[in-house]
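Protein chains in written order, with our numbering: chain D, 1 to 807; chain R, 808 to 1631.
All C-beta atoms in this analysis are idealised placements derived from N, C-alpha and C, irrespective of residue type, glycine included.
Note that this is a predicted model, so its numbers are computed, not measured.
Here is the structure:
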């Protein structure tokens, strides 16, 4: 069983001390990536729930840089201590409450006390208080506790704060202050230099009129920055001078008029506001020398503010809302996590993107499923790839077996502003059975009722099976009506698109032999035939496995056609609701159809008998048929079948069930209960997709791939009991980081480019030719000679030169 | 129920080009592009700004800079003397005793971009006592009679202080104040202000390349800093006239472009120079070495103006992007790593925040200490107000304005003046102190002799317009200040242009509508308006003769029977001319006491005159707020009323019902009804003037006029400001009640120019209107657009002249600052 497709951006990552590894919280595990290659090198497995914090123990001496220890905290209520080089679990501390955030202020100062002992290490954890009673809805559930890591126990009686919901704790780079934001206030505590179990804490509050979303501490000065939901960045200076200073006269300066911008009686000298972001600020980070502030938000632009002058620099076109910005111990490397499940490594002063670690694209909040349009993800049977339409009009190809991104295809052009209105949606993606052709349908959403446009695109795959190139674009293939389904014929170059407008079109791929140069343009997809049945909306379509029969669902009936001659063969059956999914089961003569709505139904039809074999009242989210044998799997939402249960119906994650059927038998072969089934996908995938590579005589085994609504997936062998028999080759070979160490000049500036001295030595063209005026202005403007020089040449060239042969 | 007719006239206010704060910090002079200078101040006992004076200067010479200089050893005025430089290279003094512009330095041949006065050595002393009291900032020294004892002692104290100051001053061996001028040819010229009429030349600093655009003195007066158009700041030794150092102003180390203009420079007491340049950068320099301390480029256009708070730890910059930005000196102690040792404090100028209220370029900034009197408001009532979506703008102004609070003023091309709190700059919204800048004087004649249509006289800068207000075909609306009010179309009847394009100072029209008169800076003129008998449509204007010896006038009025023209001449006498015979009938000299008439006039010039309907009384009011009552029948001065509560008279008039009652509204928003005959306050006034409702005292905006109901039975008056009007019924007592009305009214009035919540506001207006039906005294009615003039047309109809500010903005020469709206 392979699981994958986890979110890389649920929590901020952490760099190792030598900045060669990046520790990313990925669900229940922590994945270790190499920063030089961007590939995964290891994994820390052991937590039982989502890991929320990872803290690398910093190196106190240069020699200890090779030490690879880290602390992790998880929602399962444990704190674990790891050696992530091995990787090996070293210690576990049980807190028994879900930890949402953890900071360890004194982790960097490993001072030895006079008696030769190390002082105790304390962590501050933001836990979700579990023992809250249901009848007190307003009681606070988030609490900050103190934990003695050395002695593996909580420090009793120390609760720094109680909040309505747990959030994240921010720590200052020096470890002297920790702070949280809650609604419209910031709370900042001073952590004493010598932390002990019994200690009083000084606390200040800073207020604002809008809810905060992020905060940051200046490394050296008493400066705190915070971002709010409207995109403003507030910068307080002289924070806590009254409260935190040890002098008694520190609090004299109570003069309200001398604190411009500071609200109420907050303990700060001044507060300035910067407003560039148009939407919520998610990222705030001071550079290590304290002279720059990094900020980012919904716009997907990283802004660098010079703190003293307010000048801005930008790194635009990141393409998705930013979530985290993390600096590494190596000053030239940092990482940005963005909401499209991607971590990008930046070379720092220049802010150029070195590497990007992409997870599977997350379902976006904007991608609400259109009525009648299929769920987003499409699994390719042969190549083991999953195609995910993303928010920014792309389709991402993600390898199920490798758990990493393969490529991306831009379906249509778009602006690089992530937050703006979605105007185009990629509705449907379909593949031919060999994976060589992709077809997409995109919808331009109407603005104020006009301007709606459907376009059907066919893409051809390159030889390396990496890149798709656009082959044919058909605008409005079915006039104004939307396309419900695209299906490829398993054999030959034919596709069918069915539309709600009441017709379907058969498209064929025409191979024009390029006899002349001009006919190359005709190498594309053209409409072969149009069919309709009683003007009924065509809601689904499928080819039989041998390609001889085309089944098109005309609302509640199934029409069978001869695709080549476009002849209606017969009409089968009648269902209660319009059919949404239609599929031939393997190489058999059976069709499985699913209809949804108020009377959902899963029906098995026999083509030979032209009748219904059996049917279930099931709300099928997805249907997958095996290519080879006569089994098929159904992903059904359990909300109807389990409606009797009182408690479980309120679950958010639309519990679903996967049922594996054989055609002849209405009793399912096996059943799996899954979560987050809404919007999920299901497919049989060949377990060793590259048939060409491995010449194996036996038929390829199939595994079932299930992708849930959060785009997490699992691959498993559906033929249950004999799990050992069909072994899925676990092809997760972690790449070994084997890059050569770079030092000196190249470590800072990179390799020197090889200068091509020949280019530099080429002089300006001296224009000896007759028609100087034609070529004198050619070339890029920066390489042209100065204008006075050009002018005389130009005029001279216009003059007729008397030939030298006059004498 | 009152019916409201609305009408609109041409209204072209002119941009503010210079601002200057008087020496004592109490008054602000604003020079406009059309050559007028306004004096703004906060009258004692209130917090609202009052335009005390408007002096019309030469419209052809454009003022480039204004400065108040300490008066010479004569030292009669605590304000100092107001000088202005002009683009044509001349320097003028603005004479408050004659209300005119006096050229004190003929053109030097090149443009003067900025002038700066030498700082006085006793700034500190001034600063100490300036919060005490200058009665109205009165320019005249002989102000003893109307001032009570406490204030006398204050002014004594004041005198001793200034004596001490003078001694100190003489120690420094400088007789006079020096004026440095930044000249277009690259020189800085220094002139001395002497007691004489003219400036005396002192020296010229060496000429440098480029144009000198800005100049400032160091705090001790030994150095001059000048900024030029080629991006240099030069530091000069004043005594030896040599260059100490020069700073090359560059942006971010790019070096100076040849076209980097240093528009503004100020030198702070702590030895920091602040420069604002055309690249939008405000830079702080160490004046000892000329090194850069901080650079802030938050402006998106040129930085036009800089100003420092009195404590010199805040600096404001105003730019052509309409922003005013605050920088603050922060002494951030940097803690070392372990946090125990605090190293020496690092002083840094940090950006704090900006406020953008101007729609056009901000041209000038100044900081004033306008309030010399604690406002004796009742103790702050703790009224819990429900949280509103829109906080009333004006109300916040009342929160921060109090005694001794420095106020920042900004002005620019959008002709408005805004006041900000220096200390709580980011906390409070700015206060629009002049919602209707350069309001044109208007006069309405209700029933003319020729026909029964009302005539409206509008005084523009160079001409007089007479409009006929048509009421018959227009639909009057109820008292709704919204745009749905009935529009009263006005027909232009006559336009009389002044001779040779001279600026008109004052004008008047007789109550019969047949005569009107104006005065420019040379002489007054009288005209007759007739409707020709032949064809009904046309009107004819004939010039009438006036006695030759008449001087030009600051104010004019006709007697109620239109037989006599009364002129307040610039020689501070009041002339009475019989219109029929064109003969001078009598000359009054306003006096404080019944002294000998022969003495030359010593009182400040008269700027307002009112005549009673029975023709018996003439009330003349000078710009300091003193009222002189003359009996026209006996040709004697009847009564002298010194400033009422020390405030200025903002508007006044005789009640039509009882000619003995003079109603006066002061700048501190008090209403007095004076019984002229009996020389005392009227009954109503005695009972109620000192207990007016609070909501009236916090009247939004300055009262600009009164309008009486022209009936003989009712005794009510409408008091109006550009934002609201208020009906006061003298028949009913006024009750003190909650100030929720005020909040509502202010909320209405506080609408900003680009408002999108129009619909919601309109609803509120209607709401207010329904309340108005309750006929309560001191009822407010807010206006949508700035109102220029309100007058009764008849017993129950009202003419309101207003103009939407957006239309006014369209008439400006300068384009509004382009603001990129996100997403467009």
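Only 308, 309, 310 and 311 from the region 302-317 of chain D bring a Cβ to less than 8 Å from some Cβ of chain R. By a beta-carbon distance limit of 8 Å, residue 1230 of chain R does not contact residue 1165 of chain R. Their separation comes to about 21 Å.
When the five nearest sequence neighbours on each side are left out, the beta carbons in the same chain lying within less than 6 Å of the beta carbon of residue 1011 of chain R are those of 994 and 996, in order along the chain.
Chain-order list of chain R residues neighbouring residue 501 of chain D: empty, with the shortest C-beta distance near 35 Å, by a criterion of under 7 Å.
By the C-beta density criterion, residue 985 of chain R is buried, having at least 16 other C-beta atoms within 10 angstroms. In the structure shown, residue 1117 of chain R falls within a coil segment according to DSSP collapsed to helix, strand and coil. For the region 1092-1126 of chain R, the set of residues with a beta-carbon nearer than 7 Å to any beta-carbon of chain D comprises 1101, 1102, 1103, 1104 and 1105, in chain order. At a cut-off of 8 Å between C-beta atoms, residue 159 of chain D does not count as an interface residue with respect to chain R. Collapsing the DSSP output to three states places residue 1503 of chain R in a helix. Neighbourhood of residue 1133 of chain R in chain D, by CB distance below 7 Å: 260, in chain order.
Residue 1079 of chain R is bridged by DSSP to R:1093.
Around the CB of residue 1465 of chain R, 16 or more other CB atoms lie within 10 Å, so the residue is classed as buried. For residue 1158 of chain R, the chain D residues whose Cβ falls inside 7 Å of its Cβ are 272 and 310, in order along the chain.
Going by DSSP, residue 789 of chain D is part of the alpha helix (DSSP H) stretching over 787-798. In the DSSP assignment, residue 1490 of chain R falls within the unbroken alpha helix (DSSP H) covering 1490-1495. Annotated three-state conformation of residue 1616 of chain R is helix, per DSSP. Only those residues of the region 888-911 of chain R whose C-beta falls short of 8 Å from the nearest C-beta of chain D would be listed, and there are none.
Taken through DSSP and simplified to helix, strand or coil, residue 1529 of chain R comes out as coil. When 7 Å is used as the limit between beta carbons, residue 1233 of chain R is near these residues of chain D: 260 and 261, in chain order. In terms of Cβ geometry, residue 482 of chain D and residue 499 of chain D form a close pair [threshold 8 Å].
Nearest to residue 274 of chain D by alpha-carbon distance, out of D:236, D:242, D:298 and D:267, is D:236.
A check of alpha carbon separations from residue 1103 of chain R across D:704, D:310 and D:302 identifies D:310 as the nearest. Residue 337 of chain D carries a strand assignment under DSSP once its states are collapsed to helix, strand and coil. With respect to the 8 Å criterion, residue 473 of chain D and residue 504 of chain D are not classified as neighbours on the basis of their beta carbons. Taking a Cβ-Cβ cut-off of 9 Å, the neighbours of residue 1137 of chain R in chain D comprise 237, 238, 269 and 270, given in sequence order. Judged by DSSP in its simplified three-state form, residue 1173 of chain R adopts strand. For the options D:709, D:707, D:100 and D:11, the alpha carbon positioned closest to that of residue 324 of chain D is the one of D:11. Secondary structure at residue 243 of chain D: helix, using DSSP grouped into helix, strand and coil.
Fewer than three beta-carbon pairs drawn from the region 1372-1391 of chain R and the region 1446-1463 of chain R are found closer than 8 Å, and the two stretches are therefore not classed as touching. The residue from D:88, D:85, D:587 and D:81 with its alpha-carbon nearest to that of residue 102 of chain D is D:81. The beta carbon of residue 173 of chain D sits closer than 6 Å to the beta carbons of 219 from its chain, once the five residues preceding and following it are set aside; these are given in chain order. When C-alpha distances from residue 1127 of chain R are compared across R:1271, R:832, R:1107 and R:1035, the shortest belongs to R:1107. Fewer than three beta-carbon pairs drawn from the region 810-817 of chain R and the region 867-878 of chain R are found closer than 8 Å, and the two stretches are therefore not classed as touching. Beta-bridge annotation (DSSP): residue 542 of chain D is paired with D:551. For residue 468 of chain D, the uninterrupted beta strand (DSSP E) segment begins and ends at 468-475. Here residue 899 of chain R is buried, its C-beta having at least 16 other C-beta atoms within 10 Å.
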